[in-house]
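Residue numbering for the sequence shown follows the numbering used here, beginning at 119 and increasing consecutively.
A virtual CB, placed ideally from N, CA and C, is assigned to each residue, including glycine.
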Amino acid sequence: MLKKYAATLQRHGVDICSSQILAEVLERFPNTVTVRQLAKKTGKSDQYIENKVKAMQQRDIPVQIKSGKRQHYVQTSLFEPVSWILKEKENAEMTLADIQKIEMNGDREINKKKKIVERIYKEYLEDMEELIDRWYSLRLIQQLKDD
């Protein structure tokens, strides 16, 4: 399993089991993984795995359950790791908006630090937007979504 990838997902707020599922499915890409294999690997029940995948889908994580003749299969696309970059941009935008709502007070040191944090977020977002715009103009993201 992609242990470092699973650990990264946990930092994004994905629970341990879901991060294990995503790492396992991505590691076997483009092949699918049966729900039963994932259940065995994680020590959970088939139903628990299916519920976790459905919960991930509700969080807009690109993962699918497909029905086979005898088993259900879980699959993702190579867009999945890129989707976290796009979500990170959204989170940074929300954080910047929250930072901008903080009112200045009489403490010069705190006001200075607020301005520094605000500047860091603005520059970070400008660079991210430039990159993401380039990826979209080159249709790179669309090509990944078409999997």
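Of all alpha-carbon atoms in Ser255, Asp133, Arg257, Glu145, the one lying nearest the alpha-carbon of Pro199 is that of Glu145. In the structure shown, Val151 falls within a strand segment according to DSSP collapsed to helix, strand and coil.
DSSP places Ser163 in the coil class of the three-state scheme, outside both helix and strand. In this model, Lys187 and Glu208 are separated by some 39 angstroms (Cα to Cα). The segment 179–193 makes contact with the segment 148–159; the number of CB pairs closer than 8 angstroms reaches 3 or more. In the three-state reduction of the DSSP assignment, Gln182 falls in the strand class. Closest by C-alpha distance to Thr152, out of Gln182, Ala210, Ile134, Val132, is Gln182. DSSP, read as helix, strand or coil, puts Gln193 in strand. Listed in chain order, the non-local C-beta contacts of Thr160 below 6 angstroms within the same chain comprise Cys135, Gln138, local neighbours out to five positions each way being set aside.
Relative to Lys240, the option among Leu140, Ala215, Pro180, Leu249 whose CA is nearest is Ala215.
Apart from sequence neighbours up to five positions away, the residues of its chain that approach Ser163 with a beta-carbon distance below 7 angstroms are Ala157, ordered along the chain. Short of 8 angstroms from the beta carbon of Asn229, and not among the five residues preceding or following it, lie these beta carbons of its own chain, in chain order: Met222, Asn223. If you draw a straight line from the Cα of Asp251 to the Cα of Leu258, it is about 10 angstroms long.
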